[in-house]
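Colleague:
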Amino acid sequence: MDHTTQPVSDGLNPEKPRDAQVEHPEPLQAYANTKALKQDAKEATAAEHSLSFWKAIVTYRKAVFWSVMVSTSTIMEGYDVALIGSFYAYPTFRQKYGHDYGGEAGYQLSSACQAGLSDMGEIGKLIGAISNGYFTDIYGHRAVMPTSLIALTGSIFIVFFAPNTPVLLVGEFFCGIP
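Residue numbers (this note's numbering): 207 to 384.
Below, the structure written as structure tokens:
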């Protein structure tokens, strides 16, 4: 048995653009025989599985880009809204947004303020889940995702530069929407 490594053809023509190779000009009705469709799917799967890691990244760079973009934005979206709760204990945060209760208590955020800051992000998420689903149906993921990320960037600026608690509440609400 020969154990030498043979180059495996990935079935892709390096002269043609990748997008042109993925699209199939024949409609699905051309596969009246499902066995032919199944065989083509097996061959395509085998060709993809034979790719090395770096060859797959180069071949499917758009898919990798969108996968990383969606994954990191989902992680950061959850982190951004949950982060506000960890600021309540910081003295500078309490001094800027809290009230001086005197004595040992010093500057504190009221429980209503803490609940409002935590809940505004959740209310924004609820509205965002409904509205983003609606807009995704109309415009598609490729238009809605970058638009949401741009809106999130603007919302983060509101939170970061908030001079008082009401502006911070509005910023948290808008951070939840995208």
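Quick reminder that beta carbons are idealized off the backbone N, C-alpha and C, glycines included.
Contact check, Ala349 vs Pro384 under 8 Å by CB: the rounded distance?
Modeller: Mapped onto the sequence shown, residue 349 falls at position 143. Mapped onto the sequence shown, residue 384 falls at position 178. Not a contact, Cβ separation roughly 13 Å.
Colleague: Would Gly308 and Phe380 qualify as a contact pair, given that the criterion is a beta-carbon distance under 9 Å?
Modeller: Locating residue 308 in the sequence shown gives position 102, where the first residue counts as 1. Locating residue 380 in the sequence shown gives position 174, where the first residue counts as 1. No, Cβ-Cβ distance for Gly308 and Phe380 is not below 9 Å.
Colleague: Looking only at DSSP bridge pairs, what is Asp306 linked to?
Modeller: In the sequence shown, the residue the question calls residue 306 occupies position 100. Answer is Tyr313.
Colleague: By the three-class DSSP mapping on this structure, what secondary structure does Asn338 have?
Modeller: For the purposes of this step, residue 338 is identified with residue 132 of the sequence shown, where counting begins at 1. Asn338 falls in the helix class under three-state DSSP.
Colleague: Can you check which of these residues, Leu355, Gly291, Thr359 and Ser354, is closest to Met326 by C-alpha distance?
Modeller: Start at 1 with the first residue of the sequence shown, and residue 326 comes out as number 120. Per the Cα distances, Gly291.
Colleague: Measure the beta-carbon distance from Leu375 to Leu315 and round it to whole angstroms, keeping in mind my assumption that it falls under 8 Å.
Modeller: Along the sequence shown, read from residue 1 onward, the residue named residue 375 stands at position 169. Along the sequence shown, read from residue 1 onward, the residue named residue 315 stands at position 109. Incorrect: roughly 12 Å between the Cβ atoms, too far for contact.
Colleague: Report the option in Ala295, Lys248 and Asn338 whose CA atom is closest to the CA atom of Gln320.
Modeller: Counting from 1 along the sequence shown, the entry for residue 320 is found at position 114. Residue Ala295 is the option with its Cα nearest to Gln320.
Colleague: Determine the direct distance from the alpha carbon of Phe341 to that of Asn370, and round the result to whole angstroms.
Modeller: Here residue 370 refers to the residue found at position 164 when the sequence shown is read from its first residue. Here residue 341 refers to the residue found at position 135 when the sequence shown is read from its first residue. If I take the Cα positions, the gap works out to 32 Å.
Colleague: Expressed to the nearest angstrom, what Euclidean distance is found between the alpha-carbon atoms of Ala253 and Thr265?
Modeller: As a first step, residue 253 must be located in the sequence shown, where it is residue number 47. As a first step, residue 265 must be located in the sequence shown, where it is residue number 59. Roughly 12 Å separates the two Cα atoms.
Colleague: Looking only at its own chain, which residues have a Cβ that is under 7 Å from the Cβ of Gly334, when we skip the five neighbours before and after it?
Modeller: Mapped onto the sequence shown, residue 334 falls at position 128. For Gly334, where only same-chain residues beyond five positions count, the Cβ hits under 7 Å are Gly382, Ile383 and Pro384.
Colleague: With DSSP as the reference, label Leu332 as helix, strand or coil.
Modeller: As a first step, residue 332 is located in the sequence shown; it is residue number 126 there, counting from the start. Helix, per DSSP.
Colleague: Go through the segment 233-277 residue by residue and report every complete run of the alpha helix (DSSP H) that reaches 4 residues or more, in order.
Modeller: 240-255 and 259-265, all fully within the segment 233-277.
Colleague: By DSSP, does Ile344 sit in helix, in strand, or in coil?
Modeller: Translated into positions along the sequence shown, residue 344 becomes position 138. Here Ile344 sits in helix by DSSP.
Colleague: With H, G and I counted as helix, E and B as strand and the rest as coil, what does DSSP make of Phe366?
Modeller: In the sequence shown, residue 366 corresponds to position 160, counting from 1. Three-state DSSP puts Phe366 in a helix.
Colleague: Helix, strand or coil for Ile281? Go by DSSP, reduced to three states.
Modeller: Here the question's residue 281 lines up with position 75 in the sequence shown. Of the three classes helix, strand and coil, the one that applies to Ile281 here is helix, per DSSP.
Colleague: Can you tell me the Cα-Cα spacing of Ala269 and Ser277, whole angstroms?
Modeller: Your numbering for residue 269 matches position 63 in the sequence shown. Your numbering for residue 277 matches position 71 in the sequence shown. Approximately 12 Å between the Cα atoms of the pair.
Colleague: Please check the pair Ser361 and Gly339, which I expect to be a contact at CB under 8 Å, by giving their CB distance rounded to whole angstroms.
Modeller: Start at 1 with the first residue of the sequence shown, and residue 361 comes out as number 155. Start at 1 with the first residue of the sequence shown, and residue 339 comes out as number 133. That belief does not hold up - the Cβ atoms of Ser361 and Gly339 are roughly 19 Å apart, past 8 Å.
Colleague: DSSP state of Ala295, grouped into three classes?
Modeller: As a first step, residue 295 must be located in the sequence shown, where it is residue number 89. Coil, per DSSP.
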